Each structure stands twice: as structure tokens, then as C-alpha cells.
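>
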Amino acid sequence: MAPHRAKGAKGRQRRNGHHTHSTGFRIENHLARYAPATNGILRGVSTDPDDTTGASPAAAITERLVPLLDATHQVWSSPQERRRLRAFGFRPALENNVLKREWHGVQVRVGPDALRVVGSDHEELAWRPDAGLTVDGGSFEATPQGIALADAVNGLIQSYERWIEAREGREERLGRGHWSAADRRQVNALAETRRLQRLLAGGNTGRTRRG
Numbered sequence: 000m001a002p003h004r005a006k007g008a009k010g011r012q013r014r015n016g017h018h019t020h021s022t023g024f025r026i027e028n029h030l031a032r033y034a035p036a037t038n039g040i041l042r043g044v045s046t047d048p049d050d051t052t053g054a055s056p057a058a059a060i061t062e063r064l065v066p067l068l069d070a071t072h073q074v075w076s077s078p079q080e081r082r083r084l085r086a087f088g089f090r091p092a093l094e095n096n097v098l099k100r101e102w103h104g105v106q107v108r109v110g111p112d113a114l115r116v117v118g119s120d121h122e123e124l125a126w127r128p129d130a131g132l133t134v135d136g137g138s139f140e141a142t143p144q145g146i147a148l149a150d151a152v153n154g155l156i157q158s159y160e161r162w163i164e165a166r167e168g169r170e171e172r173l174g175r176g177h178w179s180a181a182d183r184r185q186v187n188a189l190a191e192t193r194r195l196q197r198l199l200a201g202g203n204t205g206r207t208r209r210g
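Oh and the sequence shown: position 198 is 197 in numbering that gives the first Met the number 0, straight run, nothing missing.
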């Protein structure tokens with residue numbers, strides 16, 4: 000008799016000796032986790048994390064961006080992470096328990112209720128656990144402005160994760176508990192930013208790439 004295979008083992012990936020979260024595995028089963036504006040984009044997206052065939056640029060980007068921002072917001076809004084964020088250059092904002100950081104022409108604000116990215120033209124990309132991913136209150140669209148905001152916050156997360164790894168080591172970076180509420184497996188935030196960076200470069204509609 001074949002040994003019983005542990006439930007949930009299907010679909011796991013292993014990279015560099017660590018299980019990593021793949022944003023496509025369970026997205027469709029957890030659409031109710033996100034707001035209607037986000038749901039409409041995610042429906043019909045392939046559950047294969049490396050297959051974006053047939054998906055619109057907005058759908059492909061959103062499939063990666065939603066779990067990344069969800070997990071990042073949970074870590075960044077935790078009391079134990081504030082010390083690291085302050086050392087990285089975040090400063091207190093006027094709002095209670097909100098930290099802010101200027102980054103490549105945008106302002107990123109993180110607090111208990113939201114992770115917000117505000118551009119120079121005041122366009123805002125936001126992640127809120129109770130409202131999902133929005134741009135100026137509506138669905139994310141792969142416009143030059145939407146891609147620029149997504150690229151800015153992705154670049155900040157990537158640089159922050161690299162800084163943590165250089166400062167504290169890879170094991171400490173991975174052990175800080177990046178979990179997406181849509182899928183309770185761990186998110187390797189640095190790896191996810193690299194995947195998203197490739198998608199954003201493919202959705203580039205004429206903006207200048209970050210150096």
C-alpha cells in the first residue's frame with residue numbers, strides 16, 4: 000500500500016532549499032479574500048505561476064502584486080519591524096502609527112490599515128486588507144502611471160529585503176514571517192519582487208526604467 004501523501008503537498012515548490020510561496024497556486028480559491036475591484040482582475044488568471052499566456056498585463060501583474068503587498072503590509076505594520084524600517088530610512092508621518100519614506104519620486108506610507116504609494120501627480124496605489132488593491136479607489140490598470148507606482152513599491156520592497164539580508168543574513172530575512180492571507184504558505188518576498196519586476200518590464204509602455 001502506497002504511503003499516504005500529506006495533504007497540501009501538491010503544488011509546493013522548493014527553491015534554494017526553502018519552500019517558497021507561489022502566488023498562482025490558490026488565488027482563484029481565495030477571491031473572496033479581496034475586494035470586488037481586485038476580484039474582477041484576478042478571475043480567469045492562470046493558476047500556473049509561470050504562465051501568463053492569455054492574461055492581460057493588469058491581470059498578470061495583479062496576480063503577483065496582491066500577495067506580495069498583502070504579506071509585506073503584515074510584516075511592515077508589525078511593531079517588531081518598525082525598528083528595521085526606521086533604520087532603513089522610514090520616518091514617522093503625521094498619522095498615528097504610520098511611517099513614510101520617499102522612494103524614486105513617490106512617497107510610501109505604511110500603517111496598521113494600509114500600505115500606500117503616492118506619486119508626484121497624487122495618483123495613489125494602495126493595499127488595504129479590507130479593500131484589496133486599488134489605484135485611486137478603482138481597479139489596478141496597466142497604465143504608465145499604474146505600472147510606475149507598482150514598480151516603485153516593488154523596487155522599495157526588493158531593496159529593503161536585500162538590505163535585511165546583507166545586515167542580518169538570509170535565514171533571518173526568510174524567518175521574519177512573510178505570509179499571504181490568501182495562502183498560508185510563506186512568501187519569499189525577494190524572489191517575488193524579481194518575478195514581478197520581469198512582468199513590469201514587459202508591461203512597460205514607454206516610461207524610463209529605474210537604474
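All C-beta atoms in this analysis are idealised placements derived from N, C-alpha and C, irrespective of residue type, glycine included. Remember, it's a predicted structure, so these values are computed and weren't measured experimentally.
(1) Need the endpoints of the alpha helix (DSSP H) that Ala165 sits in, please.
(2) With H, G and I counted as helix, E and B as strand and the rest as coil, what does DSSP make of Pro78?
(3) Give me, in chain order, the residues of the same chain whose beta-carbon lies closer than 6 Å to that of Phe89; leave out the 5 immediate sequence neighbours on both sides.
(4) Which residue or residues does DSSP assign as beta-bridge partners of Gln106?
(5) Spatial neighbours of Leu67 within its chain, please: CB distance less than 6 Å, with the 5 preceding and 5 following residues excluded, ordered by chain position.
(6) Does the contact criterion of 3 or more C-beta pairs under 8 Å hold for the stretch 110–123 versus the stretch 68–77?
(7) Under three-state DSSP, which class holds Glu27?
(8) Do the stretch 126–136 and the stretch 53–60 meet, that is, are 3 or more Cβ pairs less than 8 Å apart?
(9) State the CB to CB distance for the pair Arg63 and Arg194, rounded to an integer number of angstroms; the pair is presumed to be in contact (CB under 8 Å).
(10) Using the rule of at least 16 other Cβ atoms within 10 Å of the residue's Cβ for burial, across every protein chain shown, is Gly145 buried or exposed?
(11) Going by DSSP, what residue range makes up the beta strand (DSSP E) through Glu191?
(12) Is it true that the CB of Val152 sits closer than 7 Å to the CB of Val116?
(13) Considering only residues of the same chain and omitting the five flanking positions on each side of Leu189, which have a CB-CB separation below 6 Å?
(14) Leaving aside the five residues before and after Asp120 along the sequence, list all residues of the same chain whose C-beta is less than 8 Å from its C-beta, in chain order.
(15) Beta-carbon separation of Ile156 and Thr71 under 7 Å?
(16) Check whether the Cβ atoms of Asp217 and Leu199 sit closer than 7 Å, and answer yes or no.
(17) So who's on the other strand from Ala90, going by DSSP bridges?
(18) Taking the C-alpha atoms as reference points, what is the distance between Trp102 and Phe139?
In terms of the structure at hand:
(1) Within the sequence shown, the letter at position 166 stands for residue 165. For Ala165, the enclosing alpha helix (DSSP H) begins and ends at 143–167.
(2) Taking the sequence shown and counting its residues from 1, the one referred to as residue 78 is at position 79. It is helical.
(3) Position 90 of the sequence shown, counting from 1, holds the residue named residue 89. Closer than 6 Å at Cβ, skipping near neighbours: Leu98, Arg100.
(4) On the sequence shown, position 107 is the one that residue 106 refers to. Per the DSSP secondary-structure output, Gln106 pairs in a beta bridge with Glu101, Val117.
(5) In the sequence shown, counting from the first residue as 1, residue 67 sits at position 68. Non-local C-beta neighbours of Leu67 in its own chain, meaning closer than 6 Å and more than five positions away in sequence, comprise Glu191, ordered along the chain.
(6) As far as the Cβ criterion goes, the stretch 110–123 touches the stretch 68–77, which means the pair count is three or higher.
(7) Counting from 1 along the sequence shown, the entry for residue 27 is found at position 28. Its pLDDT being 32, under 50, Glu27 is placed unreliably in this model, and the coordinates cannot settle the point.
(8) No, because fewer than three Cβ pairs between the stretch 126–136 and the stretch 53–60 fall closer than 8 Å, the two stretches do not touch.
(9) In the sequence shown, counting from the first residue as 1, residue 63 sits at position 64. In the sequence shown, counting from the first residue as 1, residue 194 sits at position 195. By a beta-carbon distance limit of 8 Å, Arg63 contacts Arg194. Their separation comes to about 6 Å.
(10) Residue numbering aside, residue 145 sits at position 146 when the sequence shown is read from its first letter. By the neighbour-count rule (16 or more Cβ atoms within 10 Å), Gly145 is buried.
(11) In the sequence shown, the residue the question calls residue 191 occupies position 192. Unbroken run through Glu191 is the alpha helix (DSSP H), 188–201; no beta strand (DSSP E).
(12) For the purposes of this step, residue 116 is taken as residue 117 along the sequence shown, with counting starting at 1. For the purposes of this step, residue 152 is taken as residue 153 along the sequence shown, with counting starting at 1. In this structure, Val152 lies closer than 7 Å to Val116 by Cβ.
(13) What you label residue 189 is simply residue 190 of the sequence shown in a count that begins at 1. Glu160, listed in sequence order.
(14) Here residue 120 corresponds to residue number 121 of the sequence shown, with the count starting at 1. Around Asp120: Gln144.
(15) Here residue 156 corresponds to residue number 157 of the sequence shown, with the count starting at 1. Here residue 71 corresponds to residue number 72 of the sequence shown, with the count starting at 1. Yes, the Cβ-Cβ distance between Ile156 and Thr71 is below 7 Å.
(16) The structure shown does not extend to residue 217, since the chain spans only 0 to 210, so no value can be given for it.
(17) Taking the sequence shown and counting its residues from 1, one reaches residue 90 at position 91. For the sequence presented, residue 90 should be read as Arg rather than Ala. According to DSSP, Arg90 bridges with Lys99.
(18) Along the sequence shown, one-based indexing puts residue 102 at 103. Along the sequence shown, one-based indexing puts residue 139 at 140. Each residue's Cα considered, the two are about 20 Å apart.
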